[in-house]
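Numbering (the working numbering), first residue to last: 4 to 88.
One structure is given here, and the rest of the page talks about it.
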Amino acid sequence: MRIFFTSGFQKKFIKLPLNIQEQFGVRIDLFIEDSSHPSLKVHPLKGNLAGLRAFSVSGDCRVIYRLLDRDSIELISIGTHSQIY
């Protein structure tokens, strides 16, 4: 799977606590292995974010992403539920 990062995602990622950055590494590896794994809580978004999807990194941390094609995604944002929705 090819993963692309928006500049917005990168800016938010570097501001995250180190433990969340490390947890993201674990979760993105799981996503690559099995993007429908139940612990990721993958779901489509609605409203002004329709067409995008999200998965869980930790208790309140989410990643918003876009499917580009069958083997590619673009990570758009990362943060707490209240920060990114």
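Glycine included, every Cβ here is placed at the ideal spot set by N, Cα and C.
Unbroken beta strand (DSSP E) run spanning residue i, endpoints
| i | result |
| --- | --- |
| Gly82 | 75-83 |
| Asp2 | Residue 2 falls outside the range modelled here, since the chain spans only 4 to 88, and no answer is possible. |
Bounding residues of the alpha helix (DSSP H) (the contiguous stretch that carries residue i)
| i | result |
| --- | --- |
| Leu55 | Unbroken run through Leu55: none, as it is neither H nor E. |
| Ser10 | 10-18 |
Cβ neighbour criterion (16 or more within 10 Å) applied to residue i
| i | result |
| --- | --- |
| Ile35 | exposed |
| Phe27 | buried |
| Val66 | buried |
| Ile6 | exposed |
| Asp60 | Looking at the sequence provided, one finds Val at residue 60 rather than Asp. It counts as buried. |
| Ile76 | buried |
| Arg73 | exposed |
| Gly82 | buried |
Distance between beta carbons of residue j and residue i, contact taken as under 8 Å
| i | j | result |
| --- | --- | --- |
| Ile79 | Tyr88 | 12 Å between Cβ atoms; not a contact. |
| His40 | Ala57 | No, His40 and Ala57 are not in contact; Cβ-Cβ is about 14 Å, not under 8 Å. |
| Arg30 | Leu48 | The pair is not a contact, with the Cβ atoms about 18 Å apart (cut-off 8 Å). |
| Gln24 | Phe16 | 7 Å |
Residue(s) in a DSSP beta bridge with residue i
| i | result |
| --- | --- |
| Phe7 | Glu77 |
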